[in-house]
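Residues in the sequence shown are numbered consecutively from 263, following my numbering.
All C-beta atoms, glycine included, are put in the ideal place defined by N, C-alpha and C.
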Amino acid sequence: MASAVTDLETGLQAMLNLKPPGVSGSRITSLTSLCVANIQSESVLIQKIYTHFKKTPGTHKLGVLYVVDSVTRKWLEQAKAQGQPINSSAPDGTYAAGVHRVTELMPVLMNDISQSAPQDQKEKIKKLLDIWEKGQTFPSQMLETFRQGLNSPAQTKTSTTPPGSPPPNVMAALQSNQPAPTAPAAAPNGSSILEALANIARQNTTAASGSAPSNGNMPAPAASHMRRIPLLHSL
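This is the structure we're talking about:
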C-alpha cells in the first residue's frame, strides 16, 4: 500500500507543475489505474486526494477534480459490475465503499472549488456536473446544490480547519464508514482534527501490516475494467 500512496502523491504533485488548470490526460489515466488496482486501500487513497486538493491553489484544483471524477466513475463501474450496493454499509476496501466515501466528500470539494476556481474554469466544472448527471455518478439533489454554488458569487470565508485536514464529520466517515452529517453543529476544533488524522494514520498502518489483503488475493477486475473513460482534459 505504501508504494501506491507514494505514487499517488507523486502523480498529484507533478500536476502542479503544469499550466492551469493542471490537467494531464496521461497522468489522470495512470492515477485512475493505480486507484482501481489498489481498491483495498481506498480510504487512504481518498484521504490523500482530499488533502492534496485542499492544499492545491485555486488555479489547479480543476485538475485534481478531474482525477476525482475519473477514479469515481471507474470505481462506480466496477461496483456495479460486481453487484456491490453503494451505501454506508459497504465493506471497507471495496469499490462501493470508495464511491460512498467520495460522495460524502463532494460537497466540501465542490464548495471549495466554487469559491476559488478562476471564472474561466467555471464552464468546465459545469460540464463535469452534466457528465455526473447523465451517468448518475452522484445524487441529483447534490448536483443541483453544486450548480447553485457555481452560480453564486464567491464569498471570502475564514476557515478554522487546518489546511488539508478533512472536517471532523468527514474524518468520521472515512474511519467508520458511516454517513457524514450534512451540516456540522459547531466550528471544527484544530486539535481534535489533528488527533483524528493521527488516529487514522495508526489505523491504516495496522491494517497495512496485519489485515490488508495482498494484491495476490484481490479478485481479478471485471472485463470492463480496462475500457477507457473519456478524458476530460479537452473540455
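Three-state secondary structure (DSSP) of residue i
i      : result
Asn300 : coil
Asn373 : helix
Ser378 : helix
Gly397 : helix
Asp269 : helix
Thr313 : helix
Pro450 : Residue placement at Pro450 is flagged as unreliable, the pLDDT there being 48, under the threshold of 50; a coordinate-derived value is accordingly withheld.
Ser288 : helix
Thr318 : coil
Ala352 : coil
Gln275 : helix
Gln346 : coil
Boundaries (first-last residue) of the alpha helix (DSSP H) holding residue i
i      : result
Lys281 : Neither: Lys281 is in no alpha helix (DSSP H) and is coded neither H nor E.
Phe408 : Ser402 to Asn413
Val326 : Lys323 to Ala343
Cβ distance (whole Å) where residue i is taken to contact residue j below 8 Å
i      : j      : result
Lys323 : Ser402 : With a Cβ gap of about 23 Å, Lys323 and Ser402 do not count as contacting.
Val329 : Leu293 : 5 Å
Ser397 : Arg335 : In the sequence as presented, Ser is not what sits at residue 397; that position holds Gly. Between Arg335 and Gly397 the Cβ distance is about 7 Å, and since that is below 8 Å, they are a contact.
Gly325 : Gly284 : 3 Å
Leu390 : Asp331 : 6 Å
Leu327 : Leu371 : 7 Å
Taking 8 Å as the cut-off, does the segment 406-415 touch the segment 367-385 (at least 3 CB pairs, one atom from each stretch)? yes
Kindly confirm or deny that the segment 351-368 and the segment 388-404 touch, where touching means at least three C-beta pairs closer than 8 Å. yes
For the structure I just gave you, are there three or more beta carbon pairs, one from the segment 350-357 and one from the segment 307-317, closer than 8 Å? no
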